[in-house]
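See below for the structure under consideration.
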Amino acid sequence: MSTWTQQLGYPVITVEAKQEGGNRVLTLSQRKFCGDGNITGFESMLWKVPIVIATRGIPSCVAGADRAVDYRDTGGSGGG
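Pasting the structure below:
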């Protein structure tokens, strides 16, 4: 909770998806929101943000990492 109460601003979560053979790969990352788009000096700011990913093969997967998470759905369901 301290990442929300002891630092200014809000995170922007970005999700990138790509297909690698039979696997759908999601890459999640975050950066500080800045209205003018200039994040110089804020690159190291991180927030603890709960993320839940659901697919047919895996109904619930909670992801958590310091900077980026790669999630690979290998359940053969095509990732969706």
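Per the numbering used here, the very first residue in the sequence shown carries number 81; after that it's consecutive.
Just so you know, even glycine gets a beta-carbon here, dropped at the ideal spot from N, CA and C.
Work out the CA separation of residue 98 and residue 85 for me, nearest whole Å. 34 Å
Note the first and the last residue of the continuous alpha helix (DSSP H) segment covering residue 82. 82 to 85
Would you grab the beta carbon distance between residue 92 and residue 111 for me? Rounded to a whole angstrom, and I think it's under 8 Å. 6 Å
What are the boundary residues of the beta strand (DSSP E) that residue 92 is part of? Here the beta strand (DSSP E) through residue 92 covers 91 to 100.
Rounding to the nearest angstrom, what Cα-Cα distance links residue 104 and residue 83 in this structure? Distance between the alpha carbons of residue 104 and residue 83: 30 Å.
Give me, in chain order, the residues of the same chain whose beta-carbon lies closer than 7 Å to that of residue 115; leave out the 5 immediate sequence neighbours on both sides. Nothing meets the Cβ criterion.
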